[in-house]
Amino acid sequence: MTLHILAHGLPDPDGPARPVAGRQFEALSELETLAGVTDRVAFWRRFSHLPLQYRVRRGQEVLHQSVHERIAQGKLTPEETPKERALRALKRATTAFNEPSDPTAQPLPDVLDALARSADAARDAGATALEIIDASEGLEH
760 MTLHILAHGL PDPDGPARPV AGRQFEALSE LETLAGVTDR VAFWRRFSHL PLQYRVRRGQ
820 EVLHQSVHER IAQGKLTPEE TPKERALRAL KRATTAFNEP SDPTAQPLPD VLDALARSAD
880 AARDAGATAL EIIDASEGLE H
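For the sequence shown, this note's numbering assigns the number 760 to the initial residue and increments by one for each residue that follows.
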């Protein structure tokens with residue numbers, strides 16, 4: 760796994776993250792949030808003494824450990840909830856809409872349908888309006 764390391768030593772928050780506890784992630788920032796990281800600069804600074812190729816791997820190991828500790832403490836469910844799954848699907852649909860494979864083409868009806876279905880599924884799974892807006896970041900609401 761390779762992640763872009765930003766100039767000040769932090770990995771790219773939009774970079775990939777390994778799955779943990781039955782959950783998939785679209786971006787490293789989602790894993791950080793699930794692990795309860797409130798100050799990402801302070802968190803990643805702990806690994807600045809390591810060579811670049813080990814920083815992200817070691818940081819993700821610590822994030823995974825934090826997720827498992829939060830599950831053991833009952834702060835997280837052991838598996839991804841339907842709401843988390845629906846919000847992740849909405850993020851994927853938003854990305855497909857915002858970053859089409861052919862930027863000159865009009866959005867296909869199936870892309871728009873997937874976006875609408877994902878938003879409806881997130882709402883039905885109990886996501887709040889603010890969570891849906893956050894998941895569909897980049898769209899005009």
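We put the CB at the ideal spot given by N, CA and C, even for glycine.
Residue i and residue j closer than 9 Å at C-beta
i: Thr863; j: Glu896; result: no
i: Pro775; j: Phe784; result: yes
i: Ala884; j: Arg851; result: no
i: Gly781; j: Glu858; result: no
i: Val800; j: Leu822; result: no
i: Leu790; j: Arg805; result: no
Spatial distance of residue i from residue j (CA atoms)
i: Ala855; j: Asp879; result: 17 Å
i: Leu835; j: Pro841; result: 13 Å
i: Arg814; j: Glu890; result: 31 Å
i: Ala881; j: Leu849; result: 7 Å
i: Ala831; j: Gln865; result: 47 Å
i: Asp861; j: Val870; result: 13 Å
i: Pro770; j: Ser807; result: 11 Å
i: Asp893; j: Ala886; result: 11 Å
i: Leu811; j: Phe802; result: 15 Å
Buried/exposed call for residue i, threshold 16 Cβ in 10 Å
i: Gln819; result: buried
i: Glu828; result: exposed
i: Ala875; result: exposed
i: Pro868; result: exposed
i: Arg847; result: buried
Assumed close pair residue i, residue j - CB separation to whole angstroms, cut-off 8 Å
i: Ala794; j: Val826; result: 5 Å
Going residue by residue through the stretch 827 to 877, where are the continuous alpha helix (DSSP H) segments of at least 4 residues, counting only ones entirely within it? Correct list: 841 to 857.
Within the stretch 782 to 824, ranges of the alpha helix (DSSP H) (whole runs, at least 4 residues): 787 to 793 and 799 to 804
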